[in-house]
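In what follows, a structure is listed as structure tokens, so that the remarks can point back to it.
Numbering (our numbering), first residue to last: 1176 to 1496.
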């Protein structure tokens, strides 16, 4: 490649094209002080095909690694990562590798919003997760956003995880989880926390269903009569028996039996007991009962009230006596 300029005055107007101060169509740029594209010089190529040799036709060597090639067809940027071959790697692959593997001590990835503002939702930074539909449409499936909480001139932050509910395009609208500056998390109204499979007897807490819809507590059976001691009841749903020992005398006792037949006090399992020495004057206990099981409360001395606290919408227990 013949040079049409002098190195001592490369931009002299007499050496450029007919249009004053227009630099000619440069296909390769060499930055350095060597006469040829040799070690120590940085190189930029602008052409359609991947360069296979230096601009002067000589072979690449290790000193050429790091050279830059801009594809003139699509302006995509590549770096020479291996002179033997040679191998040109696009910049997206290099950046992706840097982000996926940050091998440093105390690695920190910082997203900084440069807007000066105190608006609620301002100073925001987000991570967006996109995908392509079969028609090549780009949509954002979910977003993780951190922003300012409130409108005061302070440092309070909040976190929002949003999902695309089906037609949000690039702006997921359904806020599934929000975390306030207090650290308290809020779930989407109506959200369910449950296991994907039925919990087993020895399952961990993470595999248990969560519910906050306890029904109204009652002291009546299915015939609207007050629940009594020495009566067997069928639990038509899972719930809790609450026994309040309202009048306690020295040596009085109250027991709660649970069984699978209609006479729990005869052979049933004792799941709750109160034995008093006379103080305090009021004592209570709670006994969980599975749906379909029978329970019975027995009393020795004093008086007691029995309540049924259902898990869910109230279904009264059936008196068996």
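Note that CB positions come from ideal geometry on N, CA and C, so glycine has one too.
CB of residue 1298 within 8 Å of CB of residue 1335, strictly: On the chain shown, residue 1298 is found 123 positions in, with the first residue counted as 1. On the chain shown, residue 1335 is found 160 positions in, with the first residue counted as 1. Contact: no.
Own chain residues within Cβ distance below 7 Å of residue 1446, not counting five before or after: The count along the chain shown starts at 1 and reaches residue 1446 at position 271. So the list reads 1431, 1433, 1462, once near-sequence residues are dropped.
Per-residue burial, residue 1255 [other beta carbons within 10 Å of its own, 16 or more giving buried]: For the purposes of this step, residue 1255 is identified with residue 80 of the chain shown, where counting begins at 1. So residue 1255 ends up on the buried side.
The ligand GDP heavy atom lying under 7 Å from the CB of residue 1339: Within the structure as shown, the ligand GDP is missing, as the structure has no ligands at all.
Residue 1287 classed as buried or exposed, judged by whether at least 16 other C-beta atoms fall within 10 angstroms: Stepping through the chain shown from its first residue, residue 1287 is reached at position 112. Its Cβ having fewer than 16 others within 10 Å, residue 1287 is exposed.
Residues that DSSP places opposite residue 1459 in a beta bridge: Position 284 of the chain shown, counted from the first residue, corresponds to residue 1459. For residue 1459, which the question treats as bridged, DSSP gives the partners 1419.
Secondary structure of residue 1245, DSSP reduced to three states: Locating residue 1245 in the chain shown gives position 70, counting from the first residue. Residue 1245: strand per DSSP, three-state reduction.
Boundaries of the alpha helix (DSSP H) in which residue 1361 is found, first to last residue: To locate residue 1361, count along the chain shown from 1; it is residue 186. Element bounds for residue 1361: not the alpha helix (DSSP H) but the beta strand (DSSP E), 1360-1362.
Residue(s) in a DSSP beta bridge with residue 1474: Translated into positions along the chain shown, residue 1474 becomes position 299. BP columns for residue 1474 point to 1429.
DSSP three-state assignment for residue 1271, whether helix, strand or coil: Along the chain shown, read from residue 1 onward, the residue named residue 1271 stands at position 96. The answer is helix: DSSP assigns residue 1271 an H, G or I state.
First and last residue of the uninterrupted beta strand (DSSP E) at residue 1335: Within the chain shown, residue 1335 is the residue found at index 160, counting from 1. Its beta strand (DSSP E) spans residues 1332-1338.
Whole-angstrom distance between residue 1313 and residue 1247, CA atom to CA atom: Working through the chain shown from its first residue, we reach residue 1247 at position 72. Working through the chain shown from its first residue, we reach residue 1313 at position 138. Going from the Cα of residue 1247 to the Cα of residue 1313 covers about 26 Å.
Residue(s) in a DSSP beta bridge with residue 1324: Your numbering for residue 1324 matches position 149 in the chain shown. Paired residue(s): none; residue 1324 is not in a bridge.
Selection from 1273, 1339, 1236, 1315 that minimises the alpha carbon distance to residue 1257: Your numbering for residue 1257 matches position 82 in the chain shown. Comparing Cα-Cα distances from residue 1257 to each of 1273, 1339, 1236, 1315, the minimum goes to 1236.
Inter-residue Cα distance where the pair is residue 1417 and residue 1277: Locating residue 1417 in the chain shown gives position 242, where the first residue counts as 1. Locating residue 1277 in the chain shown gives position 102, where the first residue counts as 1. Near 57 Å, if we compare the C-alpha coordinates of residue 1277 and residue 1417.
Three-state class that DSSP yields for residue 1237 in the structure shown: Counted from its first residue, the chain shown places residue 1237 at position 62. Residue 1237: helix per DSSP, three-state reduction.
With 16 other Cβ atoms within 10 Å as the buried cut-off, status of residue 1477: Mapped onto the chain shown, residue 1477 falls at position 302. The residue is buried, with at least 16 neighbouring Cβ atoms inside 10 Å.
Residues near residue 1308 by beta carbon distance below 8 Å, same chain, minus five either side: Locating residue 1308 in the chain shown gives position 133, where the first residue counts as 1. 1314.
Range of the contiguous beta strand (DSSP E) that encloses residue 1305: On the chain shown, residue 1305 is found 130 positions in, with the first residue counted as 1. Judged by DSSP secondary structure, residue 1305 falls within the beta strand (DSSP E) whose first and last residues are 1300-1307.
N- and C-terminal bounds of the beta strand (DSSP E) containing residue 1284: What you label residue 1284 is simply residue 109 of the chain shown in a count that begins at 1. Neither: residue 1284 is in no beta strand (DSSP E) and is coded neither H nor E.
Residue 1257 - containing beta strand (DSSP E), residue span: If you number the chain shown from 1, residue 1257 lands on position 82. That run of the beta strand (DSSP E) goes 1252-1257.
Residue 1350, enclosing beta strand (DSSP E) - first and last residue: In the chain shown, residue 1350 corresponds to position 175, counting from 1. Start and end: 1349-1354.
Proximal residues to residue 1394 (C-beta, below 8 Å), its chain only, five neighbours per side dropped: One-based indexing of the chain shown puts residue 1394 at position 219. The residues are 1401, 1402, 1480, 1481, 1482, 1483.
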